[in-house]
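Notes follow once the structure below has been shown.
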Amino acid sequence: MKPRHLWIDLFQQMLLIRRVEEKIRELYTQDRIKGMLHLCIGQEAVAVGAMSALRENDYLVSTHRGHGHFIAKGADLGKMMAELFGRRTGYCKGKGGSMHIADIDLYHLGANGIVGEGLPIAAGAALAIKNILHTDQVVMCFFGDGALNIGAFHEALNLAGLWKLPVVFICENNSYAISMHVNRACAVEDIAKRAESYDMPGVTADGMDVLEVNEQVDLAVKRAREGQGPSLVVCQTYRFLGHGRNPDCSTYRTKEEEQQWKQRCPIEVFRDRLIQKNILTQNDVETIEADIVRSIDEAVDFAEASPYPAAEDLEVDIYA
Amino acid sequence: MREITYRDALKEAMQEEMRRDPSVFTMGEDIAVYGGVYSVTKGLLEEFGDERVLDTPISEAVIAGAGTGAAAVGTRPVIEIMYVDFMTFCMDQIVNQAAKMRYMFGGKIKVPLVVRTQGGAGTYCAAQHSESLEAWFTHVPGLKVVMPATPYDAKGLLKSSIRDDNPVIFIEHNLLYNQKGPVPEEEYLVPLGLADIKREGEDITIITYSSMVSVSLAAAEELATAGIRAEVIDLRTLYPLDIETILQSVRKTGRVVICEPDCKTGGVGGEIVSQITEYAFDYLDAPPIRVAGRDTPIPYSPALESIAVPDKNELTKAVYRLFGRKVES
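Chains A and B supply the protein sequences, listed in that same order. With our numbering as the guide, the letters of the first sequence map in order to residues 1 to 320. With our numbering as the guide, the letters of the second sequence map in order to residues 1 to 329.
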């Protein structure tokens, strides 16, 4: 488990992700950000708990719901926001957007618009590390419960288990693939059991508890780094908002269920715990909030002041 | 010059590039212990070891995806997909991931992946092991598509493909593996994106590739006896297309026929004809035509398979018609 003085960092990062996501939502509602939008509000403890087990040069393979992963990997908020605004100063020069944001300099191999298709890529990066590059890097691969039944999941886990690749598979199980409940989609109820077929450890963590996520993922990362192969960590979490642009979840889940999960908000619960343990004061929280708001405002200002790509950029960077 | 087979030429390309660059590795089904179902990779395991020559399970999606991921972190994987027909399993990784990664990520990443595969009709393997699917891949920005016809080109193009920083779909032809041809002992490369004039002529341009090159050359030989001097252009790379070489030839001859093994509708030839009419219409003395595979799955029966793709007779007849000569139908 992380030493106590690092707990504040974890809190700060989760709060930053939450506030960024809220700002993005606001900007989207105002039509200042376009396209598809998948927010991770409610799932911050998974991103922060898992990513904080990594070293700087470990690889991240993310998903369509990936803002939190990238922020926890150390994204520059201005360049991230500029990407969402479709500006030339964005991480992908405005060509990727929310669903394809990436930065190889930060060892981020990309969000991915295709469910489950990051898993083979993660296996391949891990194979290159193990067989060719001979470094002790680890690949962390996120995916939602919606990816559990795509062929690529099984092919990638099998290959990683077979070849003992240094990759950690993290299932962010928020129970719903758009509207489809995981229990209506998977033949097994206990997702972690899937790991047995691929000869790797499978554990379930409370995805609303950043310390528990960190503890489980840390073990998996250590295993991978020491050459013992991959792991599957299933983090039980909840997306507080709708899947994408449509906020209405009433056809597939109840208000009561939503309320129960919201009471377990990973940020509020952790904040109260830190205050209770005298690690943090209410004043500290307010200072952290103010800093976050300022940094987000600066990022939005930077993004909106940035130029759009020029017409001549359209056919650039298709080939190396 | 010594003569070696198309198969051995490919193997030499693999060996030379793996010796030259330790970041090159290869994986696929039955390629290591067994040496590949077409024996192209035989001996690589013994020379380079099991870290760089890997037998994979039958899992085409993860073969392609792992190749993509490995390429994205700075290595040069050469993956083998046993039949081009099995590329259907890899389509997300090839089309949505490998091809688009560089563009989506703002040009900050390279994906030097080679997908070696083979296909084509002529071995009585019927519809699921005989297709010519090259046109699919020419339609995807971000991919290069290479189809060598001779041992010389096979070696030089594979070496260039491995050194290329983009995903390359390298489609071999199963009827060519045993064909022999001159290949120098010393090292050489054949650049991607450059067509080769395999025979010069003044009267008509035959544009072709892969297994249809030998068909076209045989047809040109026969046409010469009838006083028609055909120029035969082997595209070698289907994308990027060497349109300059094509246009130069068409401006000279004024007549053009595409000889292609794939289905005619939506095939490789349609695009070439379109570009010719767009850029060299005034030079044409006759409508450009396609002698192409029929719009059918490849059938099993030898009686049907042999007429599903073009042969020398079909091509020469089409040329005679273009010159207004009488042909028995």
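A virtual CB, placed ideally from N, CA and C, is assigned to each residue, including glycine.
message: At a CB distance below 8 Å, what residues from the region 146 to 162 of chain A approach chain B? Give them in sequence order.
response: Result list: GLY151, ALA152, GLU155, ALA156, ASN158, LEU159 and LEU162.
Short-range partners of chain A found in the region 55 to 75 of chain B, where Cβ spacing is below 9 Å: Against chain A - using a Cβ distance shorter than 9 Å - the residues of the region 55 to 75 of chain B are THR56, PRO57, SER59, GLU60, ALA61, VAL62, ILE63, ALA64, GLY65, ALA66, GLY67, THR68, GLY69, ALA70, ALA71, ALA72, VAL73, GLY74 and THR75.
task: Count the other CB atoms, across all protein chains shown, that sit within 10 Å of the CB of GLU172 (chain A); report buried if there are 16 or more and exposed otherwise.
output: To locate residue 172 (chain A), count along the first sequence from 1; it is residue 172. Note on GLU172 (chain A): 16 or more other CB atoms within 10 angstroms of its CB, so buried under the neighbour-count rule.
field: Straight-line gap, SER231 (chain A) to ILE114 (chain A) (C-alpha atoms, nearest Å)
entry: Residue mapping note: residue 231 (chain A) aligns to position 231 of the first sequence, counting from 1. Residue mapping note: residue 114 (chain A) aligns to position 114 of the first sequence, counting from 1. The alpha-carbon atoms of SER231 (chain A) and ILE114 (chain A) are separated by roughly 22 Å.
- request: With 9 Å as the threshold, decide whether the Cβ of LYS110 (chain B) is near any Cβ in chain A.
  value: The residue given as residue 110 (chain B) occupies position 110 in the second sequence. Interface residue, yes.
query: In the structure shown, what three-state DSSP assignment does GLU3 (chain B) receive?
result: By one-based count along the second sequence, residue 3 (chain B) stands at place 3. Reduced to three states, the DSSP call for GLU3 (chain B) is strand.
message: For GLU80 (chain B), list the residues DSSP reports as bridge partners.
response: Locating residue 80 (chain B) in the second sequence gives position 80, where the first residue counts as 1. DSSP, once it has assigned bridges, lists B:GLY28 and B:ARG116 as partnering GLU80 (chain B).
query: Could you check where the beta strand (DSSP E) with GLN236 (chain A) kicks off and where it finishes?
result: Numbered from 1 along the first sequence, position 236 holds the residue referred to as residue 236 (chain A). Counting along the chain, the beta strand (DSSP E) containing GLN236 (chain A) begins and ends at 231 to 236.
query: So, does the CB of PHE25 (chain B) fall closer than 9 Å to a CB anywhere in chain A?
result: Numbered from 1 along the second sequence, position 25 holds the residue referred to as residue 25 (chain B). Yes, PHE25 (chain B) counts as interfacial toward chain A.
- request: May I ask which residues mark the beginning and end of the alpha helix (DSSP H) holding MET147 (chain B)?
  value: Along the second sequence, read from residue 1 onward, the residue named residue 147 (chain B) stands at position 147. From DSSP, MET147 (chain B) is part of no alpha helix (DSSP H); its letter is neither H nor E.
message: Looking at the secondary structure, which residues open and close the alpha helix (DSSP H) in which LYS222 (chain A) lies?
response: As a position in the first sequence, residue 222 (chain A) is number 222, starting the count at 1. First-last of the alpha helix (DSSP H) with LYS222 (chain A): 210 to 225.
- request: Could you tell me if GLN321 (chain A) is buried or exposed, where buried requires 16 or more neighbouring beta carbons within 10 angstroms of its beta carbon?
  value: This structure leaves residue 321 (chain A) out entirely; chain A is present only between 1 and 320.
query: Taking 9 Å as the CB-CB cut-off, is ASN112 (chain A) touching chain B?
result: Taking the first residue of the first sequence as position 1, residue 112 (chain A) is located at position 112. With 9 Å as the cut-off, ASN112 (chain A) counts as an interface residue toward chain B.
Cutoff 9 Å: HIS64 (chain A) Cβ touching any chain B Cβ: If you number the first sequence from 1, residue 64 (chain A) lands on position 64. Put simply, the CB of HIS64 (chain A) is far from chain B, with every gap to its CB atoms at 9 Å or more.
Boundaries of the alpha helix (DSSP H) in which VAL268 (chain B) is found, first to last residue: Walking along the second sequence from the start, residue 268 (chain B) turns up at place 268. Its alpha helix (DSSP H) spans residues 268 to 280.
message: Quick check on DSSP: helix, strand or coil for ARG229 (chain B)?
response: Taking the first residue of the second sequence as 1, we reach residue 229 (chain B) at position 229. In the three-state reduction of the DSSP assignment, ARG229 (chain B) falls in the coil class, being assigned neither a helical nor a strand state.
field: Minimum Cβ-Cβ distance from LYS159 (chain B) to chain A less than 9 Å
entry: What you label residue 159 (chain B) is simply residue 159 of the second sequence in a count that begins at 1. Interface annotation, LYS159 (chain B): not in contact with chain A, CB-CB separation never under 9 Å.
message: What residue range does the alpha helix (DSSP H) around PRO302 (chain B) cover?
response: The sequence position of residue 302 (chain B) within the second sequence is 302, counting from 1. Start and end: 302 to 308.
- prompt: Within the chosen definition, does the region 238 to 253 of chain A reach the region 296 to 306 of chain A through at least 3 CB pairs nearer than 8 Å?
  reply: For the pair of segments examined, the region 238 to 253 of chain A was found not to touch the region 296 to 306 of chain A: the number of CB pairs separated by less than 8 Å stays below three.
- request: Tell me whether ALA226 (chain B) is buried or exposed, calling it buried when 16 or more other Cβ atoms sit within 10 Å of its Cβ.
  value: If you number the second sequence from 1, residue 226 (chain B) lands on position 226. The residue is exposed, with fewer than 16 neighbouring Cβ atoms inside 10 Å.
- request: Check whether the Cβ atoms of TYR177 (chain B) and VAL40 (chain B) lie closer than 9 Å to each other.
  value: On the second sequence, position 177 is the one that residue 177 (chain B) refers to. On the second sequence, position 40 is the one that residue 40 (chain B) refers to. Going by C-beta atoms, TYR177 (chain B) is nearer than 9 Å to VAL40 (chain B).
message: Below 8 Å on C-beta distance, what does MET104 (chain B) contact in chain A?
response: Here residue 104 (chain B) corresponds to residue number 104 of the second sequence, with the count starting at 1. Neighbours of MET104 (chain B) across chain A, judged by C-beta separation under 8 Å: CYS92, LYS95, GLY96, HIS100, ALA102 and GLY110.
Residue environment, GLN276 (chain A), which counts as buried when at least 16 other CB atoms sit within 10 Å: Residue numbering aside, residue 276 (chain A) sits at position 276 when the first sequence is read from its first letter. With fewer than 16 Cβ atoms within 10 Å of its Cβ, GLN276 (chain A) is classed as exposed.
field: Top-ranked residue by Cα proximity to ALA311 (chain A), from A:ALA111, A:ARG88 and A:GLU256
entry: Locating residue 311 (chain A) in the first sequence gives position 311, where the first residue counts as 1. For ALA311 (chain A), the nearest C-alpha among the options comes from A:ARG88.
field: Cβ of ASP58 (chain A) within 9 Å of any chain B Cβ
entry: The residue given as residue 58 (chain A) occupies position 58 in the first sequence. Taking 9 Å as the CB threshold, ASP58 (chain A) stays off the interface with chain B.
message: Do TYR38 (chain B) and LYS180 (chain B) have their beta-carbon atoms positioned less than 9 Å apart in this structure?
response: By one-based count along the second sequence, residue 180 (chain B) stands at place 180. By one-based count along the second sequence, residue 38 (chain B) stands at place 38. Result no, Cβ atoms of LYS180 (chain B) and TYR38 (chain B) do not sit closer than 9 Å.
field: Separation of ARG163 (chain B) from LEU235 (chain B), as counted between CA atoms
entry: The count along the second sequence starts at 1 and reaches residue 235 (chain B) at position 235. The count along the second sequence starts at 1 and reaches residue 163 (chain B) at position 163. So the two alpha carbons sit approximately 20 Å from each other.
- prompt: With distances taken between CB atoms, is the gap from VAL285 (chain A) to VAL217 (chain A) smaller than 9 Å?
  reply: By one-based count along the first sequence, residue 285 (chain A) stands at place 285. By one-based count along the first sequence, residue 217 (chain A) stands at place 217. No, the pair does not count as a contact, with Cβ atoms beyond the cut-off.
message: Closer than 7 Å between beta carbons: that is the criterion. Which residues of the region 129 to 153 of chain B meet it against chain A?
response: Against chain A - using a Cβ distance shorter than 7 Å - the residues of the region 129 to 153 of chain B are PRO141 and GLY142.
query: Just how far apart, CA to CA, sit ALA318 (chain B) and GLU172 (chain B)?
result: Here the question's residue 318 (chain B) lines up with position 318 in the second sequence. Here the question's residue 172 (chain B) lines up with position 172 in the second sequence. Spanning the two alpha carbons is a distance of roughly 27 Å.
When A:ILE178, A:ASN158, A:PRO309 and A:ILE101 are compared against GLY68 (chain A), the one with the closest alpha-carbon: For the purposes of this step, residue 68 (chain A) is taken as residue 68 along the first sequence, with counting starting at 1. When each option's Cα is compared against that of GLY68 (chain A), the closest is A:ILE101.
field: Neighbour list for GLN97 (chain B) in chain A, Cβ cutoff strictly below 9 Å
entry: In the second sequence, residue 97 (chain B) corresponds to position 97, counting from 1. At a beta-carbon threshold of 9 Å, the residues of chain A lying near GLN97 (chain B) are GLY110, ASN112, ILE114, GLU117, GLY118, PRO120 and ILE121, ordered along the chain.
- request: Give a yes or no on whether the minimum CB-CB distance between PRO77 (chain B) and chain A is below 9 Å.
  value: Your numbering for residue 77 (chain B) matches position 77 in the second sequence. Flagged as an interface residue toward chain A: PRO77 (chain B), by a C-beta distance shorter than 9 Å.
Whole-angstrom C-beta distance between THR68 (chain B) and GLY124 (chain A), which should lie under 8 Å: Taking the first sequence and counting its residues from 1, the one referred to as residue 124 (chain A) is at position 124. Taking the second sequence and counting its residues from 1, the one referred to as residue 68 (chain B) is at position 68. Right, the Cβ-Cβ distance comes to about 6 Å (below 8 Å), so this counts as a contact.
message: Give me the residue from A:GLU226, A:HIS38, A:ARG18 and A:MET51 with the minimum Cα distance to LYS212 (chain A).
response: Within the first sequence, numbered from 1, the residue matching residue 212 (chain A) stands at position 212. For the sequence presented, residue 212 (chain A) should be read as Glu rather than Lys. Across the set A:GLU226, A:HIS38, A:ARG18 and A:MET51, the C-alpha of A:MET51 shows the shortest separation from the C-alpha of GLU212 (chain A).
query: How should ARG194 (chain A) be labelled, buried or exposed, when 16 other C-beta atoms within 10 angstroms of its C-beta is the threshold for buried?
result: The sequence position of residue 194 (chain A) within the first sequence is 194, counting from 1. Its Cβ being crowded by 16 or more others within 10 Å, ARG194 (chain A) is buried.
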